[in-house]
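Input: a single structure, listed below in structure tokens.
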Amino acid sequence: MWPNAVANALSCFERAFNQPGRYLDASEFESPGVGDARDDLEWAMRHLPPGAQRDLGRLITRIDEEFERRTLPDPNNIELAVFGWWWTRMRER
113 MWPNAVANAL SCFERAFNQP GRYLDASEFE SPGVGDARDD LEWAMRHLPP
163 GAQRDLGRLI TRIDEEFERR TLPDPNNIEL AVFGWWWTRM RER
């Protein structure tokens with residue numbers, strides 16, 4: 113990964129979650145967007161030492177809960193689940 117990749121990914125979610133409204137706007141998914149940021153966090157989790165993995169894992173759990181709350185399942189994108197469940201969510205209502 114590049115320097116500050118995890119910090120950049122976290123700030124992407126912070127920006128997205130600070131937007132008004134119940135659902136995330138589709139612009140939050142434009143590249144680089146929250147999907148790419150979640151990919152970066154997933155990659156970091158696979159390469160961090162155990163202690164850092166636990167710490168980041170706690171943040172990711174909270175991010176995932178909010179991400180799920182602010183998106184809806186998209187049955188038309190189920191084939192994207194191989195890339196991560198977050199790619200199978202509707203981008204706007």
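Numbering (my numbering), first residue to last: 113 to 205. Glycine included, C-beta positions come from ideal geometry on N, C-alpha and C.
Rounded separation between residue i and residue j - CA only
i: Phe-179; j: Ala-149; result: 12 Å
i: Asp-186; j: Ala-193; result: 11 Å
i: Asn-116; j: Leu-122; result: 10 Å
i: Asn-188; j: Val-118; result: 30 Å
i: Glu-126; j: Phe-195; result: 22 Å
i: Gly-147; j: Trp-199; result: 6 Å
Range covered by the alpha helix (DSSP H) that runs through residue i
i: Val-118; result: 117-129
i: Thr-200; result: Looking at the DSSP string, Thr-200 is not in any alpha helix (DSSP H), and its letter there is neither H nor E.
Pick from the options that is closest to residue i, judged by C-alpha positions
i: Met-113; options: Gly-147, Leu-153, Glu-140; result: Leu-153
Own chain, CB closer than 6 Å to residue i, minus 5 neighbours either side, in chain order
i: Arg-182; result: Tyr-135, Leu-136
Proximal residues to residue i (C-beta, below 7 Å), its chain only, five neighbours per side dropped
i: Ala-128; result: Leu-136, Glu-140, Val-146
Neighbourhood of residue i by C-beta distance below 8 Å, restricted to the same chain and skipping five residues each side
i: Met-157; result: Gln-165, Leu-168, Gly-169, Ile-172
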